[in-house]
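K.L.:
Numbering (our numbering), first residue to last: 2 to 135.
We put the CB at the ideal spot given by N, CA and C, even for glycine.
This one's a predicted model, so the numbers in the text were calculated from it and none came from an experiment.
Got a structure for you, questions after.
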Amino acid sequence: MTEQLNEQQMTAWVQAQFQKANQFLAQEGILFDSVITDQSRYLAPYLAVWKIKAMDQKVYWVLSGDLPTDVTLAENAPEARDVLRYFSMRWQLKAENLEANNTKQDAGQTEFVELLRNRADSLYALYQNEKLWS
2 MTEQLNEQQM TAWVQAQFQK ANQFLAQEGI LFDSVITDQS RYLAPYLAVW
52 KIKAMDQKVY WVLSGDLPTD VTLAENAPEA RDVLRYFSMR WQLKAENLEA
102 NNTKQDAGQT EFVELLRNRA DSLYALYQNE KLWS
């Protein structure tokens, strides 16, 4: 992971990831209220971890970036680092279930299973990287 962004590229990337996360929340029926910025994290251009408060006052973690966008309640992970481990495990389980149920060997499904596994492994590696969290 050596790709460096200048300030303008970084701002554009963060805005694009915020839009992506917000659209995903809307699809999930979660209405955005505010971002808890001091607990949100970015590893541009790969990953954004957003902690958001919804209109119903519930708090969520949302992942966006070069991976499937996903959401979970904040109570499932106390900090951004823990969210990476949470989604890594969740995606490994989801990949196992999808693979087990892919009896027709659907190529798109197989490709998605591999994407989930790959991104789950990457998330876990980021979770374990002490340099990112010190």
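1. Got a sec, what are the start and stop residues for the beta strand (DSSP E) residue 43 sits in?
2. On a Cα-Cα basis, can you pick out the residue from 77, 64, 85, 61 that is closest to residue 125?
3. Please report the distance separating the alpha-carbon of residue 78 from that of residue 36.
4. Can you give me the Cβ contacts of residue 128 inside the same chain, cut-off strictly under 7 Å, excluding the 5 residues immediately before and after it?
5. At 3 residues or longer, what runs of the beta strand (DSSP E) sit wholly inside the region 28-99?
6. Between residue 25 and residue 63, which are expected to be in contact by the criterion C-beta below 8 Å, what is the C-beta distance as a whole number of angstroms?
P.N.:
So, from the data block:
1. Start at 1 with the first residue of the sequence shown, and residue 43 comes out as number 42. Looking at the DSSP string, the run of the beta strand (DSSP E) that includes residue 43 is 42-44.
2. Position 124 of the sequence shown, counted from the first residue, corresponds to residue 125. When only C-alpha atoms are compared, the closest one is 85.
3. Translated into the one-based positions of the sequence shown, residue 78 becomes position 77. Translated into the one-based positions of the sequence shown, residue 36 becomes position 35. Taking the straight line from one Cα to the other gives about 16 Å.
4. Within the sequence shown, residue 128 is the residue found at index 127, counting from 1. The residues are 82, 85, 86, 89.
5. 33-36, 42-44, 48-55, 60-66, 71-74
6. Numbered from its first residue, the sequence shown carries residue 25 at position 24. Numbered from its first residue, the sequence shown carries residue 63 at position 62. With a Cβ gap of about 7 Å, residue 25 and residue 63 count as contacting.
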